[in-house]
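As structure tokens, the structure follows; a few thoughts come after it.
Protein chains: 2
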Amino acid sequence: MASNCSDVERSIKVLVKNFYTYAGKNDKMNRSEFHKMVGKDLSHILTNPHSKQGVDDLIKKLDANDDGKISFEEYWTIVSEIANKLSRQMANENKEGC
Amino acid sequence: MASNCSDVERSIKVLVKNFYTYAGKNDKMNRSEFHKMVGKDLSHILTNPHSKQGVDDLIKKLDANDDGKISFEEYWTIVSEIANKLSRQMANENKEGC
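Residue numbers (the numbering used here), protein chains in the order written: chain F, 444 to 541; chain L, 444 to 541.
Put into structure tokens, the structure is as follows:
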């Protein structure tokens, strides 16, 4: 990753690249790719990241067009929910999230 | 920052913490704090980050409730726009953004 990016720019790129690490050329994550991503990349911040039912419920909630796949926009919804949750924590407590 | 976080979790935290670096306890960025943030943290990804008019136009666009300040939700709008732009680039070209 180019060194002249700021931490903020680098962080946005990490989040975008992470989607394509799993979605690959298809531009969408399937169910098992999403399970893998949640278990590996969101295991501290999400509750029950390894519960099959919990992640399936999350997919149902995120899958706005009900095609059984997760698009970048649907993926960004969960990233934004986590960010908003962390923001409320930081606004209230100014403590580390994980 | 806790070492057991994943890169994705750490990146979300960097983006959230960055807001509070400028907003401090007030939970909102004022105009000059937003100018500083854009000039320092988004100077590679945004076009004309140092153009006063460009950033003022951005504030007008983001400031949904027109209070002259930028809330976390309004800040996250620009983060999401940048992420979507990068995502389209990566989907098309699979090249680095900056």
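We treat Cβ as the ideally placed atom computed from N, Cα and C, and that holds for glycine.
Remember, it's a predicted structure, so these values are computed and weren't measured experimentally.
Using a Cβ-Cβ cutoff of less than 7 Å, which residues in the same chain neighbour ALA526 of chain F once the five nearest sequence positions on both sides are dropped? Correct list: empty, nothing qualifies.
For SER530 of chain F, would you say it is in contact with chain L, using Cβ-to-Cβ distances shorter than 8 Å as the test? At least one chain L Cβ lies under 8 Å of SER530 of chain F.
Tell me the rounded alpha-carbon separation between VAL522 of chain F and PHE477 of chain L.
Cα-Cα distance, rounded: 22 Å.
Exercise for review: Output, in sequence order along the chain, the residues in the segment 483 to 499 of chain F whose CB is closer than 8 Å to any CB in chain L.
Suggested key: Correct list: LYS483, ASP484, LEU485, SER486, HIS487, ILE488.
In its own chain, which residues sit with a C-beta less than 7 Å from the C-beta of ASN491 of chain L, not counting the 5 before and 5 after it? If you ignore the 5 residues before and after ASN491 of chain L, its C-beta comes within less than 7 Å of the C-beta of GLY497, all in its own chain and listed in chain order.
- Message: Rounded to the nearest angstrom, what separates LYS471 of chain F and GLU524 of chain F at their Cα positions?
- Response: A direct Cα-to-Cα measurement between LYS471 of chain F and GLU524 of chain F gives close to 19 Å.
Please tell me whether ASP506 of chain L has its Cβ less than 8 Å away from any Cβ of chain F.
Residue contact check for ASP506 of chain L against chain F: no CB pair falls below 8 Å.
* Asked: For ASP450 of chain F, which of L:ASN461, L:CYS448, L:GLN532 has the nearest alpha-carbon?
  -> When only C-alpha atoms are compared, the closest one is L:ASN461.
Considering only the alpha carbon of each residue, which of F:LYS504, F:LEU458, F:LEU501 lies closest to ASP484 of chain F? Of the listed residues, the one whose Cα sits closest to ASP484 of chain F is F:LEU458.
### Chain-ordered chain F contacts of PHE515 of chain L [CB-CB under 7 Å]
Result: SER530.
Listed by chain order, chain F residues near LYS460 of chain L by CB distance under 9 Å:
Chain F residues near LYS460 of chain L: LEU529, MET533.
message: Using the three-state DSSP reduction, which class does LYS503 of chain L fall into: helix, strand or coil?
response: DSSP places LYS503 of chain L in the helix class (H, G or I) of the three-state scheme.
Contiguous alpha helix (DSSP H) assignments of at least 4 residues, all confined to the segment 463 to 487 of chain F: Every alpha helix (DSSP H) of 4 residues or more that sits fully in the segment 463 to 487 of chain F is shown, in chain order, as 474 to 484.
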